[in-house]
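Numbered per my numbering, the sequence shown spans residues 189 to 1041.
C-beta: ideal position from N, C-alpha, C; glycine also.
What follows is a short report on a single structure.
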Amino acid sequence: MDAAVIEVLRQAVSQDPDVLKSAEQTLKQWETQQGFYIALYNVLSNHSLAVEVRWIAIVYLKIGVERYWRKNAPNSIEDSEKEFLRQHLLRNFEEPVNPLAVQLAILISKIARYDCPKEWSTLVPTLLEIIRRENSLAQRQALLTLHYVVKALASKRLADGQRLFRELTATMFNFILNLWNTYTESFLIMASNGADVNQIQEALEKALLLLRILRQLIVNGFSKPSESQDAMLFLKVVFERTRTCLECQTKDPLVLRACQLKQEFFTPDILTEICSRLVTHYFILTPTDLEMWDTHPESFIVDDGGESWKYSLRFRDVLASVLVDLMKQHHQPVDPNNLHAILVKDAVYRAVGLAAFDLYDEVNFDQWFSTTLKEELKVRNIKLSTGLRPELYKVMIEALNPEEDLGVRLAASNALKLAIDDFQFNPEEFSHFLEPVFSLLFALLKEVNECDTKMHVLYVLSFIIERVGSGIKPHVGALSLYLPELWQRSEVYNMLRCAIVSTLIQLEKALGSESAILEPLVVGVVALSCDVNQEGHVYLVEEGLELWLALLENAPAPTPAIMDLFRNMPALLDKSTENLRICLYIIQAYVLLNPQDFFTYRGSMVIETLKTLLSDLRTDGRVMALRLFEMCLRASPQQGAELIKPILLKIFESVYNGEEYPMVMTMNLSIVARVLLGSRDIFVQVISDLAQNIGTETREEVVLGKMIYKWINGMPLVSQTERRKLLALALCFLLGANSPPTVLEYFSHIIANIVETLNDITKYDNMGYPVDTLMMTDQPSPSQYEDVDYETEHAQRQKRLAFSDPVHSISLKDTLQSQLIMLRSIVGDNQFDQLMLTLNSEIDEQLKDYISL
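Here it is as structure tokens:
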């Protein structure tokens, strides 16, 4: 098979698209064939083959490990093939090509996350043995591999994985610390003695790799680093080495001398003269500039570097005083026939505009605007009184008139954006000017031809829509008709398309449910922007996802076109976690928009993808994914539980082991509670599966008992009253029929948590009767939403869902009473009285405030 694989891999790096596509299809078919990954390893380890062929081999090896290494994965790799790879990978530590060496290290770390130490106990000892040898290349690669292996093992979040990592830390920490100290000392000695650069670099690289390993060990390998002598020794040595490094010479004497000469030359007098000359000579428009303004105003108005920090003016204090003096000299009207005087005044105004932020305390902008700038306006973002803003808008409207010079109109559009982009902006005050402003800007958008100019004007329009919100509704008809045409014409201008997408986002939000008129265009834009197979998606995907979410949030009802967009989601989740947050928001919106369609046709592929990702996500990513799972359970308790069933075992196991992150534990408990409340049969089945998974003949009652123990100990950490009530409701239902005896062992703790939750959520009405503050009794009518401009269709769906949520529809007090009555009938009066005697006196008294037995 090796020869065939080599040939197809060569085709996979071909520049011919047809050959490349055929090779990729063949490799895709081979992914599940026995022996394929051994063949890939043979290609990788054959140094006589081209680097690009070996690179493709290791890429497909990594893909195979990610998809098929797990024992329960469909078409999983055979055990014999896994054993071959584990043995031979530990013999391949002299890879001369550094990028391949890095990929090899990553590959080994991916396998280690699944197999180390149970199926691959020799990995770490072998790496440490190679590190001890004198072979420099093998030692460096072994250190690199150990770094990635330690990083992978440190990412395990379950209790068993963390315990094993602490054991690993105990066995290797001292060795790694001593080795790091040795290489750091070697680097410092060689650097101070002027040794060979290659030797210095090699010592520094190894010291850095060892330090990265130590970082993972110190952070994740000690329960309490402050109580470990080894950990505290490391911190002591780190501070010593840090001081030594900081004391190293980092500046060249000649550079310091140059700085001194510069400071001696740039005296205040010289700087003042330079600034004055710059403004009055360099800033003046040249004949070429004036000709460009006359012939190509769109190109003239474009300022490519004005917003970049590296073009900002230095010596601000000196410049400010120079500009104030120049303003005093040139604030009077000039002779229209004196072109030089006009150009000098223009240069002064340009400089003031650039430095406006630094002139707040130097210039009275209100007085300047009132007395001078109305006629000679060159506006930047200045401190202008609110009372003058209507006058400013009028001046801008005059400057945007089609009869004005195009360069002036473009400058006016930019000035208008800056005036609106102010925390003192009043949409109601601006509403009187909205119709002429929007019409004039739209006319300007249609008139200009350059891509950059259209993009600039479109961003101004988009910004105005964002600031005025739903007030734009009467004025967007012409723009919504023009945007499809502009989208088609901008096929090769990705940045212009970004501006169009941004405008559509604001239009969707402003129009709300009335944005249905934009659906054909928006669906097409989202389909192209979020398709990973489209060449332009890298430019459009972020804005495209925002537009997709806005489309779903404002859709009154699902349409086939909107639902069909979901075909792009699995590929987006597979490609990167960079946009995971907004992707999960979009999926949640689909769950609410059309639950039946999602559960039937689209949900399973999402759950399968997230199941693969979940263990590799950071804490905030895991919480976001868990919120999606909870949304499925809220939308349809039975169907939602069936859908997320593949992931429930991990969630239940996390509760069983005691998740250390409070927010993750809260979400896990919430999901367990909702499964218990909405689908008891699945709850029982997952408990049974977890007992089998743990092994050692662990009974289901024992598993449930430990989960209840973690549950009742975790409830005090739950800060949200809604979630506390949810967990308390589920605990109530554990006290009913069909619950095993192990539940009653925790009776007093269960009642204590429920009573504490009742204390948090209960208020007393005027008659002194306890009322559950989380209950929603009156279902709102659609008319209640009509006057709420900012309420999206998605928000209304969320509210309707809340009314059916057990947290808001079931009384905790009444549930507790009915469950205790049922429990008494099941166990009998004598045993029930014995259970009540286990309550402490304070909880018993508080309980009587809520129920009567």
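Contact set for residue i: own chain, Cβ-Cβ below 7 Å, skip 5 residues either direction
i, result
"ASN1028", "none"
"SER969", "The predicted model places SER969 with a pLDDT of 46, which falls under 50 and marks its position as unreliable; any figure quoted below should be read in that light. Taken in chain order, the list of residues that qualify is empty."
"GLU1030", "none"
"LEU674", "ILE688"
"LYS498", "Its pLDDT being 48, under 50, LYS498 is placed unreliably by the model, and the measurement read from it follows with that caveat. Counting only Cβ-Cβ distances below 7 Å, and skipping sequence neighbours, we find nothing."
"LEU646", "LEU633, ALA687, ILE688 and THR691"
"SER936", "THR1026 and LEU1027"
Residue-chain proximity (residue i, chain D), Cβ-Cβ < 8 Å
i, result
"LYS894", "The structure shown contains no chain D, having only a single protein chain."
Beta carbon of residue i nearer than 8 Å to that of residue j
i, j, result
"VAL720", "LEU753", "no"
"TYR773", "THR807", "no"
"ALA698", "ILE652", "no"
"LEU692", "LEU737", "no"
"MET757", "ILE775", "yes"
"ILE401", "VAL338", "yes"
"GLN199", "SER210", "yes"
"LEU781", "ALA829", "no"
"CYS639", "TYR681", "yes"
"GLU741", "ALA777", "yes"
"LEU865", "PHE921", "yes"
"ALA238", "GLU282", "no"
"MET420", "SER411", "no"
"LEU197", "ALA245", "yes"
"VAL811", "MET851", "yes"
"LEU989", "ALA823", "yes"
"VAL312", "MET360", "yes"
"LEU878", "GLU841", "yes"
"LEU249", "LEU228", "yes"
"LEU399", "PHE375", "no"
Simplified DSSP assignment, three categories, for residue i
i, result
"LYS913", "helix"
"TYR681", "coil"
"LYS259", "coil"
"LYS306", "coil"
"VAL248", "Here residue 248 turns out to be Tyr, not Val, going by the sequence shown. Here TYR248 sits in helix by DSSP."
"THR1047", "Any question about residue 1047 goes unanswered here, given that the chain covers just 189 to 1041."
"VAL636", "coil"
"VAL713", "helix"
"VAL976", "Model confidence at VAL976 stands at a pLDDT of 42, short of 50, so the residue's coordinates are unreliable and nothing is read from them."
"THR359", "helix"
"PRO958", "strand"
"LYS582", "helix"
"TYR778", "helix"
"TYR952", "strand"
"ASN323", "coil"
"GLY883", "coil"
"ARG301", "helix"
"PHE453", "helix"
"THR432", "helix"
"SER411", "coil"
"GLY382", "coil"
"VAL201", "coil"
"PRO994", "helix"
Beta-carbon proximity list for residue i, same chain, < 6 Å, skipping 5 on both sides
i, result
"MET895", "VAL843 and TYR844"
"ALA861", "LEU914, LEU915 and ALA918"
"ASN767", "LEU733"
"GLU1033", "none"
Assumed close pair residue i, residue j - CB separation to whole angstroms, cut-off 8 Å
i, j, result
"ILE875", "VAL891", "6 Å"
"TYR336", "ILE364", "That pair is no contact at about 14 Å."
"LEU932", "GLN1007", "About 13 Å; that fails the 8 Å criterion."
"LEU1035", "ILE939", "7 Å"
"GLU796", "PRO834", "7 Å"
"VAL648", "LEU684", "Wrong, their Cβ atoms sit about 14 Å apart, outside the cutoff."
"GLY809", "THR765", "7 Å"
"ILE1039", "LYS1001", "7 Å"
Sequence-distant residues of its chain with Cβ nearer than 8 Å to residue i (five each side left out)
i, result
"ASP977", "Confidence in ASP977 is poor, its pLDDT being 46 and thus under 50, which makes the residue's placement unreliable; the coordinate value appears in the next sentence. Closer than 8 Å at the Cβ level, and outside the excluded window around ASP977, lie GLY657, SER658 and GLY700."
"ILE251", "GLU219"
Distance cut-off 7 Å: residue i Cβ against heavy atoms of the ligand NAD
i, result
"CYS920", "Inclusion of the ligand NAD in the displayed structure is not the case, the ligand content being empty and no account of it being possible."
Whether or not the region 945–958 and the region 664–684 are in contact is what I'm after, with contact meaning three or more pairs of Cβ atoms, one per stretch, closer than 8 Å; do they touch?
no
Below 8 Å, how does it come out for the region 584–604 and the region 616–631: are there three or more Cβ pairs, yes or no?
yes
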